[in-house]
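**Student:** Per our numbering, the sequence shown runs over residues 2 to 239.
Think of the CB as a built atom: it goes at the ideal place given N, C-alpha and C, for glycine as much as any other residue.
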Amino acid sequence: MAMSTSSSSLSSLSSLSLHTSPRLSLSPFSAATTSITKPKRPISLFLSSTSSSRPTTVIFNAAAADVETSFFDNEDPEFDGVFEPPEVPEGFVPPPSFDDESSETEDEIAAAYEELYGPAYSGESVLGNDIYVMDSNVKKTGAFGKLKKEKIRDGFEERVVQVRRVTKVVKGGKQLHFRAIVVVGDKQGQVGVGVGKAKEVIGAVQKSAVNARRNIISVPMTKYLTFPHRLRSSQGNA
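#1: Spell out a yes or no on whether the segment 221-228 and the segment 195-202 are touching, meaning 3 or more CB-CB pairs, one atom from each, closer than 8 Å.
#2: Taking C-alpha atoms, which residue in 204, 206, 212, 160 lies nearest to residue 187?
#3: Distance check for residue 220 and residue 109, CA to CA, integer angstroms please.
#4: Helix, strand or coil for residue 255, going by three-state DSSP, please let me know.
#5: Find out if the Cβ-Cβ distance for the pair residue 190, residue 222 is shorter than 8 Å.
#6: Assign residue 35 to one of two classes, buried (16 or more other C-beta atoms within 10 Å of its C-beta) or exposed (fewer than that).
#7: Given this structure, state the Cα-to-Cα distance separating residue 68 from residue 62, to the nearest angstrom.
#8: Residue 138 by DSSP, collapsed to three states: which one?
#9: Beta carbon of residue 181, beta carbon of residue 164: below 8 Å?
#10: Quick check on DSSP: helix, strand or coil for residue 198?
#11: Quick check on residue 185: buried or exposed, where buried means 16 or more other Cβ atoms within 10 Å of its Cβ?
#12: Where does residue 206 fall in DSSP's three states?
#13: Leaving out five residues before and five after residue 137 in sequence, what residues of the same chain have Cβ atoms less than 6 Å from its Cβ?
#14: Are residue 178 and residue 208 closer than 8 Å when you measure CB to CB?
#15: Buried or exposed for residue 154, going by 16 or more other Cβ atoms inside 10 Å?
#16: Look up residue 175 in the DSSP assignment and give the residues it is bridged to.
#17: Under 8 Å by Cβ, that's how I've got residue 206 and residue 183 pegged, so tell me the actual separation to the nearest angstrom.
#18: Assuming residue 218 is part of the beta strand (DSSP E), what are its boundary residues?
#19: Taking the continuous alpha helix (DSSP H) assigned at residue 111, which residues delimit it?
#20: Taking DSSP as the reference, what is the three-state secondary structure of residue 63?
#21: Based on Cα-Cα distance, which residue from 79, 213, 85, 171 lies nearest to residue 162?
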């Protein structure tokens with residue numbers, strides 16, 4: 002009877018040991034009983050569940066025949082070379098030095114500048130032009146005894162592009178001003194843009210118009226009185 006009970010208990014223990022999953026054990030293990038199997042495929046560096054569909058990185062050791070070693074036995078590390086500049090070609094003219102005086106005088110440079118851009122900001126005209134043509138203020142008495150400025154008639158048309166109200170924070174509070182952007186041009190290739198600020202809109206427009214006449218540039222024009230630009234069109238049935 003005792004033998005039958007012991008055999009049944011052993012069989013139950015063996016069946017339990019087969020179905021139970023291995024657990025972490027802190028007991029020391031021997032190298033003889035532990036076997037490490039070599040993986041059949043290389044280890045992937047991408048940590049993902051679908052690593053089989055992604056490329057893997059395999060590292061191989063370089064063969065001894067692929068390694069090349071270069072020795073510079075003919076080079077002298079203490080060799081002191083002498084720089085030999087190339088020969089000067091025939092007909093070579095050296096450029097002038099920076100310290101040499103310019104061939105043009107200051108008056109000639111000022112005259113060329115005034116011919117292109119008008120009188121300079123210095124207030125002196127070399128060609129005898131009127132330096133106050135931009136700021137000519139012919140004052141006339143207007144309504145309520147105020148003095149108004151006559152519009153400058155020099156062939157330029159004025160167009161107001163933008164008028165904005167700006168504020169300036171000062172010690173006593175805020176100051177209200179108006180800023181205007183005006184474009185002037187003669188429809189012949191001369192155009193200028195100016196900005197002006199004043200306490201009133203009219204004063205800001207007048208200041209910006211004067212400033213625009215001081216910043217006039219030349220624009221190349223075509224025979225159709227327009228500047229060269231890209232034109233894109235399409236043709237076909239409606």
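**Tutor:** Looking at the coordinates:
#1: As far as the Cβ criterion goes, the segment 221-228 does not touch the segment 195-202, which means the pair count is below three.
#2: Selected option, being the one with the closest Cα: 160.
#3: Rounded to whole angstroms, the gap between the alpha carbons of residue 109 and residue 220 is 25 Å.
#4: The chain is shown from 2 up to 239; residue 255 falls before or after that span and cannot be answered.
#5: Less than 8 Å separates the beta-carbon of residue 190 from that of residue 222.
#6: Because residue 35 carries a pLDDT of 48, less than 50, the predicted location of this residue cannot be relied on, and no value is offered for it.
#7: Distance between the alpha carbons of residue 68 and residue 62 is about 11 Å.
#8: Per-residue confidence for residue 138 stands at a pLDDT of 45, beneath the threshold of 50, marking its modelled position as unreliable; no derived number is given.
#9: A contact, by the Cβ cut-off of 8 Å.
#10: DSSP places residue 198 in strand when its eight states are reduced to three.
#11: When all chains shown are included, residue 185 counts as buried.
#12: Residue 206 carries a helical assignment under DSSP once its states are collapsed to helix, strand and coil.
#13: Any reading at residue 137 is ruled out, since the residue's pLDDT is 46, under 50, leaving its predicted position unreliable.
#14: Their beta carbons are not under 8 Å apart, which means residue 178 does not touch residue 208 by this criterion.
#15: By the 10 Å Cβ count, residue 154 comes out exposed.
#16: Residue pairing by DSSP places residue 175 opposite 170 in a beta bridge.
#17: With 8 Å as the limit, residue 206 and residue 183 qualify as a contact, their Cβ atoms being about 6 Å apart.
#18: It spans 217-219 - the beta strand (DSSP E) in which residue 218 sits, taken as one unbroken run.
#19: Residue 111 -> alpha helix (DSSP H) spans 107-118.
#20: DSSP places residue 63 in coil when its eight states are reduced to three.
#21: Scanning 79, 213, 85, 171 for the CA closest to the CA of residue 162 turns up 213.
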